[in-house]
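Participant: After the structure tokens below, expect a handful of questions from me.
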Amino acid sequence: MGTINSALSIMSQALDADQAALNVVANNVANANTPGYTKETPNWQENQPISIDGVSYGQGVTETGATSERDRVLESRLDQQQQLASASGSRLTALDTLQALFTPDSGSSSSTAGDIGSDITSFFDSFSSLEASPTSNSLRQGVLTAAKALAGDISNAAASLNSQRSALDQEASGVTSQVNSLTGAIAQLNQQIQSTSSDADAGTLEDQRQEDLSQLSQLIGINQITTQNNGMEITTTSGQLLVSEGINYQLTTGMVNGVTDFFVGNTDITSQLASGGGSLGGYLTARDQDIPSALNSLDQLAYRISTTVNAQNNEGTDYDGVTGTAANPLYIFSQPTAVDGSAASMSVVMTDPNQIAAAGAGDGTGDNSNAIVMANLNSTTSTIVNGQSPTNYYSNFVSMLGATVSGVETENTAQNASVTQLQTQNNALSGVNLNDEASSMTTFERSYQAASQVFTMLNSIMASALNLGDQTTVS
Amino acid sequence: MQQIEERRGYPKLKELVVEASRALARLDADRLEEMALSCQALNRDLAHVDGNALAPLAFESKEAAGDMAVFARVLAATRANLSVMNRLRELRAGHFEYGVPQARQWRRTESRHGDN
Numbered sequence: 002m003g004t005i006n007s008a009l010s011i012m013s014q015a016l017d018a019d020q021a022a023l024n025v026v027a028n029n030v031a032n033a034n035t036p037g038y039t040k041e042t043p044n045w046q047e048n049q050p051i052s053i054d055g056v057s058y059g060q061g062v063t064e065t066g067a068t069s070e071r072d073r074v075l076e077s078r079l080d081q082q083q084q085l086a087s088a089s090g091s092r093l094t095a096l097d098t099l100q101a102l103f104t105p106d107s108g109s110s111s112s113t114a115g116d117i118g119s120d121i122t123s124f125f126d127s128f129s130s131l132e133a134s135p136t137s138n139s140l141r142q143g144v145l146t147a148a149k150a151l152a153g154d155i156s157n158a159a160a161s162l163n164s165q166r167s168a169l170d171q172e173a174s175g176v177t178s179q180v181n182s183l184t185g186a187i188a189q190l191n192q193q194i195q196s197t198s199s200d201a202d203a204g205t206l207e208d209q210r211q212e213d214l215s216q217l218s219q220l221i222g223i224n225q226i227t228t229q230n231n232g233m234e235i236t237t238t239s240g241q242l243l244v245s246e247g248i249n250y251q252l253t254t255g256m257v258n259g260v261t262d263f264f265v266g267n268t269d270i271t272s273q274l275a276s277g278g279g280s281l282g283g284y285l286t287a288r289d290q291d292i293p294s295a296l297n298s299l300d301q302l303a304y305r306i307s308t309t310v311n312a313q314n315n316e317g318t319d320y321d322g323v324t325g326t327a328a329n330p331l332y333i334f335s336q337p338t339a340v341d342g343s344a345a346s347m348s349v350v351m352t353d354p355n356q357i358a359a360a361g362a363g364d365g366t367g368d369n370s371n372a373i374v375m376a377n378l379n380s381t382t383s384t385i386v387n388g389q390s391p392t393n394y395y396s397n398f399v400s401m402l403g404a405t406v407s408g409v410e411t412e413n414t415a416q417n418a419s420v421t422q423l424q425t426q427n428n429a430l431s432g433v434n435l436n437d438e439a440s441s442m443t444t445f446e447r448s449y450q451a452a453s454q455v456f457t458m459l460n461s462i463m464a465s466a467l468n469l470g471d472q473t474t475v476s
Numbered sequence: 046m047q048q049i050e051e052r053r054g055y056p057k058l059k060e061l062v063v064e065a066s067r068a069l070a071r072l073d074a075d076r077l078e079e080m081a082l083s084c085q086a087l088n089r090d091l092a093h094v095d096g097n098a099l100a101p102l103a104f105e106s107k108e109a110a111g112d113m114a115v116f117a118r119v120l121a122a123t124r125a126n127l128s129v130m131n132r133l134r135e136l137r138a139g140h141f142e143y144g145v146p147q148a149r150q151w152r153r154t155e156s157r158h159g160d161n
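Protein chains in written order, with my numbering: chain Z, 2 to 476; chain P, 46 to 161.
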């Protein structure tokens with residue numbers, strides 16, 4: 002009788018265990034489309050055997066819970082790649098706006114920053130025109146009109162860059178509250194996970210934490226360190242502590258030199274965040290490097306053109322026979338006192354076209370020697386803007402901006418591809434057995450090897466075509 | 046060259062490179078292997094043509110240079126990901142080798158107490 006009861010008990014427990022396992026499976030199915038959900042597998046524990054009349058009988062198994070099938074290494078790698086992709090993505094968006102500013106709009110009739118290149122040419126060409134007829138009032142007026150277009154477009158470009166910098170500053174500042182909300186949630190989840198289990202998987206809670214980590218990775222660059230009982234420490238990529246198990250350290254902001262800086266406690270971590278990753282890293286890189294660099298180039302251009310053209314005009318004789326002096330200079334542009342801010346403040350101060358000094362010092366008003374010197378300030382041999390002519394300097398600036406955009410675009414495409422690969426692998430590995438995992442890895446390896454072959458072949462084809470094709474063109 | 050044109054037709058080099066990057070991003074091994082074979086064939090054909098016929102291809106190569114840089118970066122990222130996945134596989138495989146971790150634990154405990 003005892004044996005029958007034992008057998009029934011084993012069957013009953015087996016049914017209970019199966020029911021629990023079915024619940025786990027049902028949970029997996031129900032959450033198949035839940036973002037961040039990790040598939041769970043039931044845990045089985047063997048029951049202690051019983052001994053009846055000296056014979057040992059097994060007691061079957063009991064379901065003791067579920068374990069999430071997660072790979073922290075893979076999740077961590079995915080988070081890391083997401084940080085890089087988000088950083089280059091937000092930087093690229095800012096750079097695209099920046100580049101658009103300096104792209105000529107052929108459909109627009111009004112002068113814009115995109116016309117600076119043609120403005121420079123028009124301005125110096127207006128002196129070439131004046132050479133032929135230095136006393137012509139309309140040609141003199143043409144010089145001032147061209148000067149106004151150039152100064153207006155450069156100062157508008159500087160204003161647009163400053164506006165873009167302010168907009169990025171606000172975007173960056175807005176990330177702070179999201180970061181604090183996420184680090185707060187992660188700290189709470191850490192506490193719950195640590196109290197739920199010792200070295201066991203806390204399933205749903207860990208899924209939530211991983212989801213929060215993934216979101217945090219899109220905002221800032223972080224490192225994660227697993228601590229006792231599946232707790233976690235989170236630092237910035239340069240080591241500033243943001244979460245220590247159940248405690249989170251608030252990110253705060255403050256204005257420093259007109260822009261928002263970021264602090265943890267009293268430590269200014271702005272530069273750390275800029276190089277760290279996430280969309281905040283991208284915003285800060287654009288705000289603190291890309292835009293200031295573009296502004297500096299414009300400042301250099303404005304400063305050198307203004308000071309050189311003013312100095313040259315001051316050396317000549319105007320239509321009324323006057324030569325400029327220190328007390329009464331014949332300036333076309335407002336005279337900048339420093340490079341910084343020259344672009345924003347560039348303007349035309351000359352109102353009387355007769356003050357254009359086309360003639361050389363001491364020469365008659367019909368002379369054109371100073372107009373020739375002015376026109377040559379933009380010749381190919383000119384070195385007035387950091388060793389280059391104004392046109393060449395501006396052209397190089399636009400080319401370098403294009404190269405930067407192209408480089409960041411390449412990085413962003415590659416990083417997004419990497420994120421896609423890792424997400425594919427993460428989905429494939431979540432809850433699969435070792436055979437499936439091996440198959441998934443084989444696909445990964447095959448893809449890499451085939452792609453390497455494609456790359457090598459294409460490289461060889463392109464090298465052959467370029468070498469032989471170029472030779473053909475030359476001959 | 047006629048043969049190459051027939052074999053190649055379209056897509057152009059630039060499109061090939063872009064597609065290779067995309068296929069690699071989604072780990073489409075079958076497509077990449079097909080592309081490797083196509084590229085092999087094209088490369089073989091190129092060995093038998095004179096320089097004049099390569100001029101259009103040289104132009105396409107210049108057009109595709111930027112996308113090759115992207116492809117190179119995706120390939121480098123894949124290599125890094127593959128390296129992580131391989132380490133992960135070793136880790137997971139080690140996890141299933143019952144007995145080995147306990148043996149290591151035992152040795153560590155013994156030597157720590159110095160009673161062996």
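Quick reminder that beta carbons are idealized off the backbone N, C-alpha and C, glycines included.
Can you check which of these residues, Z:V455, Z:L296, Z:S441, Z:Q211, is closest to L402 of chain Z by C-alpha distance?
Facilitator: As a working note, residue 402 of chain Z is residue 401 in the first sequence. It is Z:L296 whose Cα lies nearest to the Cα of L402 of chain Z.
Participant: What did DSSP end up calling N1 of chain Z once you bin it into helix, strand or coil?
Facilitator: A query on residue 1 of chain Z cannot be resolved here, the shown segment of chain Z reaching from 2 to 476 and no further.
Participant: How long is the line joining the alpha carbons of Q389 of chain Z and D90 of chain P, rounded to whole angstroms?
Facilitator: Here the question's residue 389 of chain Z lines up with position 388 in the first sequence. Here the question's residue 90 of chain P lines up with position 45 in the second sequence. If I take the Cα positions, the gap works out to 47 Å.
Participant: Would you please verify whether the beta carbon of E60 of chain P is less than 8 Å from any beta carbon of chain Z?
Facilitator: Translated into the one-based positions of the second sequence, residue 60 of chain P becomes position 15. Closer than 8 Å: no.
Participant: Would you say E78 of chain P faces chain Z, with C-beta separation under 8 Å as the test?
Facilitator: Looking up residue 78 of chain P in the second sequence gives position 33. Yes - at least one Cβ of chain Z is within 8 Å of the one on E78 of chain P.
Participant: Rounded to whole angstroms, what is the Cα-Cα separation between Q356 of chain Z and A152 of chain Z?
Facilitator: One-based indexing of the first sequence puts residue 356 of chain Z at position 355. One-based indexing of the first sequence puts residue 152 of chain Z at position 151. Q356 of chain Z and A152 of chain Z: Cα-Cα distance of roughly 18 Å.
Participant: With DSSP collapsed to three states, give me the class of V180 of chain Z.
Facilitator: Working through the first sequence from its first residue, we reach residue 180 of chain Z at position 179. Correct three-state label for V180 of chain Z: helix.
Participant: Here's a check: name, in chain order, each residue in its chain whose Cβ is nearer than 6 Å to the Cβ of N369 of chain Z, leaving out the five neighbours to either side.
Facilitator: By one-based count along the first sequence, residue 369 of chain Z stands at place 368. So the list reads E132, P135, A359, once near-sequence residues are dropped.
Participant: Given this structure, state the Cα-to-Cα distance separating A117 of chain P from N126 of chain P, to the nearest angstrom.
Facilitator: Along the second sequence, read from residue 1 onward, the residue named residue 117 of chain P stands at position 72. Along the second sequence, read from residue 1 onward, the residue named residue 126 of chain P stands at position 81. Each residue's Cα considered, the two are about 14 Å apart.
Participant: What residues in the stretch 206-236 of chain Z bring their beta carbon closer than 8 Å to a beta carbon of chain P?
Facilitator: none
Participant: Determine the DSSP secondary structure at L243 of chain Z, reduced to helix, strand or coil.
Facilitator: Indexing the first sequence from 1 puts residue 243 of chain Z at position 242. Strand at L243 of chain Z.
Participant: Is there at least one Cβ from chain P nearer than 8 Å to Q100 of chain Z's Cβ?
Facilitator: Position 99 of the first sequence, counting from 1, holds the residue named residue 100 of chain Z. No - not a single Cβ of chain P is within 8 Å of the one on Q100 of chain Z.
Participant: Is it true that the CB of V176 of chain Z sits closer than 8 Å to the CB of L281 of chain Z?
Facilitator: In the first sequence, counting from the first residue as 1, residue 281 of chain Z sits at position 280. In the first sequence, counting from the first residue as 1, residue 176 of chain Z sits at position 175. Cβ distance < 8 Å, so L281 of chain Z and V176 of chain Z count as in contact.
Participant: Between N428 of chain Z and A418 of chain Z, what straight-line distance do the alpha-carbon atoms span, to the nearest angstrom?
Facilitator: Reading the first sequence from its first residue, position 427 is the one you call residue 428 of chain Z. Reading the first sequence from its first residue, position 417 is the one you call residue 418 of chain Z. Looking at the two C-alpha atoms, the distance is approximately 15 Å.
Participant: Based on the DSSP secondary-structure assignment, which residues constitute the bridge partners of D291 of chain Z?
Facilitator: Looking up residue 291 of chain Z in the first sequence gives position 290. According to DSSP, D291 of chain Z bridges with nothing at all.
Participant: Could you pull the DSSP bridge partners for F264 of chain Z from this structure?
Facilitator: What you label residue 264 of chain Z is simply residue 263 of the first sequence in a count that begins at 1. Z:T253, Z:D269, per the DSSP bridge assignment.
Participant: Cβ atoms of E76 of chain Z and Q229 of chain Z: under 8 Å apart, would you say?
Facilitator: Residue 229 of chain Z sits at position 228 when you count from the first residue of the first sequence. Residue 76 of chain Z sits at position 75 when you count from the first residue of the first sequence. In this structure, the beta-carbon distance from Q229 of chain Z to E76 of chain Z does not fall below 8 Å.
Participant: If you reduce the DSSP assignment to three classes, tell me which class M375 of chain Z lands in.
Facilitator: Within the first sequence, the letter at position 374 stands for residue 375 of chain Z. Three-state DSSP puts M375 of chain Z in a helix.
Participant: Name the residue from Z:I306, Z:A114, Z:T254, Z:D321 whose alpha carbon lies nearest to the alpha carbon of S137 of chain Z.
Facilitator: Position 136 of the first sequence, counting from 1, holds the residue named residue 137 of chain Z. The candidate whose alpha carbon is nearest that of S137 of chain Z is Z:D321.
Participant: Does the distance from the C-beta atom of Q241 of chain Z to that of Q273 of chain Z stay below 8 Å?
Facilitator: Counting from 1 along the first sequence, the entry for residue 241 of chain Z is found at position 240. Counting from 1 along the first sequence, the entry for residue 273 of chain Z is found at position 272. Closer than 8 Å, so yes.
Participant: For N224 of chain Z, which three-state DSSP category applies?
Facilitator: Position 223 of the first sequence, counting from 1, holds the residue named residue 224 of chain Z. In this structure, N224 of chain Z counts as strand in the three-state DSSP scheme.
Participant: Does chain P have any CB closer than 8 Å to the CB of V455 of chain Z?
Facilitator: Counting from 1 along the first sequence, the entry for residue 455 of chain Z is found at position 454. Yes, contact with chain P.
Participant: Report the rounded CA-to-CA distance for T205 of chain Z versus Q193 of chain Z, giving the unit in angstroms.
Facilitator: Within the first sequence, numbered from 1, the residue matching residue 205 of chain Z stands at position 204. Within the first sequence, numbered from 1, the residue matching residue 193 of chain Z stands at position 192. Cα to Cα, T205 of chain Z sits roughly 11 Å from Q193 of chain Z.
Participant: How long is the line joining the alpha carbons of L99 of chain P and R67 of chain P, rounded to whole angstroms?
Facilitator: Working through the second sequence from its first residue, we reach residue 99 of chain P at position 54. Working through the second sequence from its first residue, we reach residue 67 of chain P at position 22. For L99 of chain P and R67 of chain P, the distance between alpha carbons rounds to 27 Å.
Participant: Under 8 Å, Cβ to Cβ, is there at least one residue of chain Z near S66 of chain P?
Facilitator: Here the question's residue 66 of chain P lines up with position 21 in the second sequence. So, interface residue.
Participant: I need the straight-line Cα distance from D364 of chain Z to E172 of chain Z, nearest angstrom please.
Facilitator: To locate residue 364 of chain Z, count along the first sequence from 1; it is residue 363. To locate residue 172 of chain Z, count along the first sequence from 1; it is residue 171. Distance between the alpha carbons of D364 of chain Z and E172 of chain Z: 59 Å.
Participant: Output needed for D112 of chain P: all residues of its chain with C-beta closer than 6 Å, excluding positions within five of it in sequence on either side, in chain order.
Facilitator: Walking along the second sequence from the start, residue 112 of chain P turns up at place 67. Around D112 of chain P: K59, V62, V63.
Participant: For R166 of chain Z, which residues in chain P fall below 8 Å Cβ to Cβ?
Facilitator: Looking up residue 166 of chain Z in the first sequence gives position 165. Result: empty, since nearest Cβ-Cβ is about 28 Å, beyond 8 Å.
Participant: Under the DSSP definition of a beta bridge, which residues are partnered with E234 of chain Z?
Facilitator: Here the question's residue 234 of chain Z lines up with position 233 in the first sequence. In DSSP, E234 of chain Z forms a bridge with Z:I226, Z:S245.
Participant: Please list the partners that S407 of chain Z has in chain P, where partner means a Cβ-to-Cβ separation under 7 Å.
Facilitator: Along the first sequence, read from residue 1 onward, the residue named residue 407 of chain Z stands at position 406. Within 7 Å Cβ-Cβ: G111.
Participant: Using 8 Å as the limit for Cβ to Cβ distance, is L467 of chain Z near chain P?
Facilitator: As a working note, residue 467 of chain Z is residue 466 in the first sequence. Interface residue, yes.
Participant: What first and last residue would you give for the alpha helix (DSSP H) that runs through R71 of chain P?
Facilitator: Locating residue 71 of chain P in the second sequence gives position 26, counting from the first residue. That residue, R71 of chain P, is in no alpha helix (DSSP H); it is neither H nor E in DSSP.
Participant: Here's the rule: buried if 16 or more other CB atoms are within 10 angstroms of the residue's CB, otherwise exposed. What is M458 of chain Z?
Facilitator: As a position in the first sequence, residue 458 of chain Z is number 457, starting the count at 1. The residue in question, M458 of chain Z, is buried, as its Cβ has 16 or more Cβ neighbours within 10 Å.
Participant: Starting from the C-beta of S380 of chain Z, find all residues in its chain whose C-beta is less than 7 Å away, skip the five residues before and the five after it, and write them out in chain order.
Facilitator: Within the first sequence, the letter at position 379 stands for residue 380 of chain Z. If we look at S380 of chain Z and ignore the five residues flanking it on each side, its Cβ neighbours are S390.
Participant: How about K57 of chain P: is its C-beta nearer than 8 Å to some C-beta of chain Z?
Facilitator: Against the second sequence, residue 57 of chain P aligns to sequence position 12. False, the Cβ-Cβ gap to chain Z never drops below 8 Å.
Participant: Write down the C-beta distance between A88 of chain Z and A158 of chain Z rounded to the nearest angstrom, noting that I regard them as a contact closer than 8 Å.
Facilitator: Translated into positions along the first sequence, residue 88 of chain Z becomes position 87. Translated into positions along the first sequence, residue 158 of chain Z becomes position 157. Incorrect: roughly 26 Å between the Cβ atoms, too far for contact.
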